[in-house]
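Structure first, then comments.
Number of protein chains: 2
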Amino acid sequence: MSEDVENKVKNIVEPSILAGFQEFLPKEQMLFTKMQDTIRNSFESFGFIPLDTPVLEKSQVLLAKSGGDTAKQVYRFEKGDTDMAMRFDLTVPLARYVAQHYDSLVFPFRRYHIGKVYRGERPQKGRFREFYQCDIDIIGNETLNLLNDAELVSVINSTFEKLDIGDFTIMLNNRKLLGGFFATLGIGDPTDALRAVDKLDKIGAENVKKELTEQGIGSEQAEKIIALTSVGGFPAEVFKALDEMGIRGKNEMLDAGLSELEKVCGYIKMFGVPENRYCIDLKIARGLDYYTGTVYETKLNDYPELGSICSGGRYDDLASNYTKKKLPGVGISIGLSRLFYQLCAAGIIKADGRATPSAVLLIPMGDTLDYTLSVAKKIRSSGIACETYLGEGKLGKKFGYADKLGIPYAIVLGEDEMNAGTITLKDMRTGEQRSLESVDEFVKMIALR
Amino acid sequence: MSEDVENKVKNIVEPSILAGFQEFLPKEQMLFTKMQDTIRNSFESFGFIPLDTPVLEKSQVLLAKSGGDTAKQVYRFEKGDTDMAMRFDLTVPLARYVAQHYDSLVFPFRRYHIGKVYRGERPQKGRFREFYQCDIDIIGNETLNLLNDAELVSVINSTFEKLDIGDFTIMLNNRKLLGGFFATLGIGDPTDALRAVDKLDKIGAENVKKELTEQGIGSEQAEKIIALTSVGGFPAEVFKALDEMGIRGKNEMLDAGLSELEKVCGYIKMFGVPENRYCIDLKIARGLDYYTGTVYETKLNDYPELGSICSGGRYDDLASNYTKKKLPGVGISIGLSRLFYQLCAAGIIKADGRATPSAVLLIPMGDTLDYTLSVAKKIRSSGIACETYLGEGKLGKKFGYADKLGIPYAIVLGEDEMNAGTITLKDMRTGEQRSLESVDEFVKMIALR
Numbered sequence: 115m116s117e118d119v120e121n122k123v124k125n126i127v128e129p130s131i132l133a134g135f136q137e138f139l140p141k142e143q144m145l146f147t148k149m150q151d152t153i154r155n156s157f158e159s160f161g162f163i164p165l166d167t168p169v170l171e172k173s174q175v176l177l178a179k180s181g182g183d184t185a186k187q188v189y190r191f192e193k194g195d196t197d198m199a200m201r202f203d204l205t206v207p208l209a210r211y212v213a214q215h216y217d218s219l220v221f222p223f224r225r226y227h228i229g230k231v232y233r234g235e236r237p238q239k240g241r242f243r244e245f246y247q248c249d250i251d252i253i254g255n256e257t258l259n260l261l262n263d264a265e266l267v268s269v270i271n272s273t274f275e276k277l278d279i280g281d282f283t284i285m286l287n288n289r290k291l292l293g294g295f296f297a298t299l300g301i302g303d304p305t306d307a308l309r310a311v312d313k314l315d316k317i318g319a320e321n322v323k324k325e326l327t328e329q330g331i332g333s334e335q336a337e338k339i340i341a342l343t344s345v346g347g348f349p350a351e352v353f354k355a356l357d358e359m360g361i362r363g364k365n366e367m368l369d370a371g372l373s374e375l376e377k378v379c380g381y382i383k384m385f386g387v388p389e390n391r392y393c394i395d396l397k398i399a400r401g402l403d404y405y406t407g408t409v410y411e412t413k414l415n416d417y418p419e420l421g422s423i424c425s426g427g428r429y430d431d432l433a434s435n436y437t438k439k440k441l442p443g444v445g446i447s448i449g450l451s452r453l454f455y456q457l458c459a460a461g462i463i464k465a466d467g468r469a470t471p472s473a474v475l476l477i478p479m480g481d482t483l484d485y486t487l488s489v490a491k492k493i494r495s496s497g498i499a500c501e502t503y504l505g506e507g508k509l510g511k512k513f514g515y516a517d518k519l520g521i522p523y524a525i526v527l528g529e530d531e532m533n534a535g536t537i538t539l540k541d542m543r544t545g546e547q548r549s550l551e552s553v554d555e556f557v558k559m560i561a562l563r
Numbered sequence: 115m116s117e118d119v120e121n122k123v124k125n126i127v128e129p130s131i132l133a134g135f136q137e138f139l140p141k142e143q144m145l146f147t148k149m150q151d152t153i154r155n156s157f158e159s160f161g162f163i164p165l166d167t168p169v170l171e172k173s174q175v176l177l178a179k180s181g182g183d184t185a186k187q188v189y190r191f192e193k194g195d196t197d198m199a200m201r202f203d204l205t206v207p208l209a210r211y212v213a214q215h216y217d218s219l220v221f222p223f224r225r226y227h228i229g230k231v232y233r234g235e236r237p238q239k240g241r242f243r244e245f246y247q248c249d250i251d252i253i254g255n256e257t258l259n260l261l262n263d264a265e266l267v268s269v270i271n272s273t274f275e276k277l278d279i280g281d282f283t284i285m286l287n288n289r290k291l292l293g294g295f296f297a298t299l300g301i302g303d304p305t306d307a308l309r310a311v312d313k314l315d316k317i318g319a320e321n322v323k324k325e326l327t328e329q330g331i332g333s334e335q336a337e338k339i340i341a342l343t344s345v346g347g348f349p350a351e352v353f354k355a356l357d358e359m360g361i362r363g364k365n366e367m368l369d370a371g372l373s374e375l376e377k378v379c380g381y382i383k384m385f386g387v388p389e390n391r392y393c394i395d396l397k398i399a400r401g402l403d404y405y406t407g408t409v410y411e412t413k414l415n416d417y418p419e420l421g422s423i424c425s426g427g428r429y430d431d432l433a434s435n436y437t438k439k440k441l442p443g444v445g446i447s448i449g450l451s452r453l454f455y456q457l458c459a460a461g462i463i464k465a466d467g468r469a470t471p472s473a474v475l476l477i478p479m480g481d482t483l484d485y486t487l488s489v490a491k492k493i494r495s496s497g498i499a500c501e502t503y504l505g506e507g508k509l510g511k512k513f514g515y516a517d518k519l520g521i522p523y524a525i526v527l528g529e530d531e532m533n534a535g536t537i538t539l540k541d542m543r544t545g546e547q548r549s550l551e552s553v554d555e556f557v558k559m560i561a562l563r
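Going down the list, the protein sequences come from chains A and B. Per the working numbering, residue 115 is the first one in the first sequence, and the count goes up by one each step. Per the working numbering, residue 115 is the first one in the second sequence, and the count goes up by one each step.
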């Protein structure tokens, strides 16, 4: 009987997950969870409040504004009379939440949300249909000053410092500056032009100019656009270059954007962000149309090809779909699933072999299970995760279990150890085996690491 | 213009969530997150491995076996050609995962999973359509000895000790014992009888007997059923009572169940679970039909009306829908969303007023923002979450912000403090205000709590 036929006879369904979805084996899961925890701890250290909203929302609420690609990608369905949809980001649920609970919230409302979102995109390498976003936002009531825009840069800085995935640069721009500049050229909607400009690094100035002129933009204007959006670097240099270009005083919005960007850069310094960690890049626009001031992107210096690993910006009005209250905000988002995939693929991070939280495997030898369990309890109560091997078998098999799970230590407890109150400790990574006077000695040893 | 009409003019959608779904305000969220963390830390301290599977699965895989109520409650839909469904528990995805990744896993496979599951039940008080389950399971390859059944009792014990929600009792039974006993009465499928027996505490023996006889069970047999399932208490007492009833030696399955239960109770003692924390209750059967040995329930001693707050049991074969491999396991589950709702409703737990992770609010007075931000950085780097009030306004308003968020401390930094390197500390709960020599003094003070 072939395996296939046999499966049918036994009614066995081939175990598999949906295309574009992701799950990890224990080693990768441990690494992913660690990154999640690092991000969470960093967000909490700045006083951001945890938030957890439903994965499913009313379609009419979730899709109040969305059209085009987003609406097509949404997992939307009916059950009974109810039209519902899975969230496609964490920002729309935040807007709904703040509008709904406005009277119960304290402003500025500083929240973080680490959760899964869903987009039925065409599956491709490193793009997932279910993925984690790690968002923080600060929402003001009527007003929110620019210090908050600067603080988020310090949060990005601390978070990626702690993630320890290499040198990074946070790049800033301002949508008013861009919008005002395009207005001086008579271009009201710069969306297409900015899409062309976004390719500057990839295809070069000549090709961008070609694209711009194909959009109906005059040659002289196209050159001006390329000249401005090519400006980038340390803030002092950028502002000097802009002054030399003489762009001030020609458009109110442009001037406002320039002034905001100057202030934010000054504040960032006050927040103690090292100067080599942030710069201005005037071609950054962010796709989303709701950013109205500061915009951010973050790049790994040694892996610019990964694109932005943390992006965000300032928006004038978070929740205009749900309330008449004016709620300006500023936020950032880390697309953790994609970032994790990229970091692994580029070899920047790697599972360290640890496939369990257990730091110790306790192995009873002979009639010592009772004693072993009491030792395990003691180790655990001093904050060290451990487990006792409860199965039968030879010592080699038990060490093998520790080895395969990457448990760093094994403690063997035979009758000699039990009678003397000592323990035999094996360092699974070096193979070194030695006797310790007591469990306490082991606990101290671990605490000192 | 009425508000309603005005909303339509402005295209404002009323912000609300789906019926039967739940979200928290910050104070409740902080409390919920704390419980989640306690459970997670407890599970990890026993070396359970984190697992995170997709919320959406292929319908054909997820619903391989389910029929009846489960299938009706599932959120199932099609997108493109794909028939998919949201998970309704964490056990079926675990079975699929273990079968799918069998070759890459180390057995016994000890995993925990804290995640949301979805059931389109009729909404009612304390029942949610999206809710958290906190599961641990130990899966063996071919075999898994009874020590594991006992270990889970010690995990339940540690976890609820740490949750600190009052005295609790873990109640044990064995499905083989029940099954064998009913077989001796000639009752092959005891499902209906057990459903009647489950009401013993509520409706009394007489009414249960009536229900049993209505099921076609003879009066004498009904009395035997009630006599057996009324047995409960400390293990030694129960085994003595059973011996006096003379049930041993009449049915192989019954004897096997009795022997398993005796062994498990003996092991539980070895695991160091206090004797007043567990007992036997022979009427416990658990609704799910896949339990084949040990079954658990957990009750709060002072709130038995809450029902079981942590349940589970042993199953012979986890993944028979997905693999021919025999994978016996034992697991427990905490329905956290429901438990949290019940604990709050009963007044057993209460938000402590803390609505943010911030332990300190830093308030710059005068031209000291720069200094304040450096103090914040120092406090944060010693592991204390804090935030700086970045808005304008009077001191009272700023203290009000700390107060409303339940931030325990405020530090005011004026020019005097800046010049002297001191800080002015206000305990927000007592109102007491005093001067500290340095930031370090504050850090030490917090560390000592």
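Ideal placement from N, C-alpha and C gives every residue a C-beta, glycine not left out.
DSSP three-state assignment for residue i, whether helix, strand or coil
i	result
asparagine 262 of chain A	helix
valine 127 of chain B	coil
cysteine 393 of chain B	strand
methionine 479 of chain A	coil
asparagine 271 of chain A	helix
methionine 115 of chain B	Legend: pLDDT at methionine 115 of chain B = 45, less than 50; position of this residue unreliable, value from coordinates given subsequently. Coil, per DSSP.
arginine 309 of chain B	helix
leucine 453 of chain B	helix
valine 444 of chain B	strand
threonine 298 of chain A	helix
glycine 346 of chain B	strand
methionine 542 of chain A	coil
arginine 494 of chain B	helix
glutamine 187 of chain B	helix
arginine 468 of chain B	coil
Contacts that residue i makes with chain B (C-beta to C-beta distance below 8 Å)
i	result
histidine 215 of chain A	Leu139
cysteine 248 of chain A	Within 8 Å Cβ-Cβ: nothing; cysteine 248 of chain A doesn't reach chain B, min ~14 Å.
valine 127 of chain A	Gln174, Val175, Ala178, Asn435 and Tyr436
Partners in chain A for residue i, counting only beta-carbon separations shorter than 8 Å
i	result
methionine 144 of chain B	Ile163 and Pro164
lysine 518 of chain B	Val220
Chain-ordered neighbours of residue i on chain B, where CB pairs are closer than 9 Å
i	result
serine 488 of chain A	Met384 and Gly386
arginine 309 of chain A	Within chain B, no residue comes near arginine 309 of chain A; the closest Cβ sits about 27 Å away, beyond 9 Å.
For residue j and residue i, believed in contact at Cβ under 8 Å, the rounded distance
i	j	result
threonine 523 of chain A	alanine 490 of chain A	Inspection of the sequence shows that residue 523 of chain A is occupied by tyrosine rather than by threonine. Not confirmed; about 12 Å, so no contact.
glutamate 529 of chain B	aspartate 481 of chain B	7 Å
glycine 346 of chain A	cysteine 393 of chain A	6 Å
glutamate 374 of chain B	asparagine 288 of chain B	5 Å
leucine 314 of chain A	threonine 343 of chain A	7 Å
Where residue i meets chain A, residues with beta-carbon distance less than 9 Å
i	result
glutamate 358 of chain B	The contacting residues do not exist; glutamate 358 of chain B stays about 30 Å from chain A at best.
asparagine 271 of chain B	Within 9 Å Cβ-Cβ: nothing; asparagine 271 of chain B doesn't reach chain A, min ~11 Å.
Residue i: first and last residue of the uninterrupted beta strand (DSSP E) it sits in
i	result
tyrosine 232 of chain A	223 to 232
lysine 172 of chain B	170 to 172
glutamine 247 of chain B	244 to 253
tyrosine 429 of chain A	425 to 429
Terminal residues of the alpha helix (DSSP H) in which residue i lies
i	result
cysteine 379 of chain A	366 to 384
asparagine 155 of chain A	140 to 159
glutamate 320 of chain A	314 to 328
Residue i Cβ short of 7 Å to the ligand ATP heavy atom set
i	result
glutamate 506 of chain B	Among the ligands in the structure shown, none appear at all, so the ligand ATP cannot be discussed.
Quiz item: Are the stretch 136 to 152 of chain A and the stretch 197 to 213 of chain A in contact at 8 Å, needing three or more beta carbon pairs?
Solution: no
Quiz item: Does the count of Cβ pairs from the stretch 400 to 420 of chain A and the stretch 255 to 272 of chain A closer than 8 Å reach three?
Solution: yes
Quiz prompt | Three CB pairs or more closer than 8 Å across the stretch 187 to 194 of chain B and the stretch 421 to 428 of chain B | solution = no
Exercise. Could you tell me whether the stretch 242 to 251 of chain A touches the stretch 341 to 361 of chain A, where touching means 3 or more Cβ pairs closer than 8 Å?
Key: no
Quiz item: Pairing CB atoms from the stretch 429 to 444 of chain A with CB atoms from the stretch 316 to 326 of chain A, are three or more of them under 8 Å?
Solution: no
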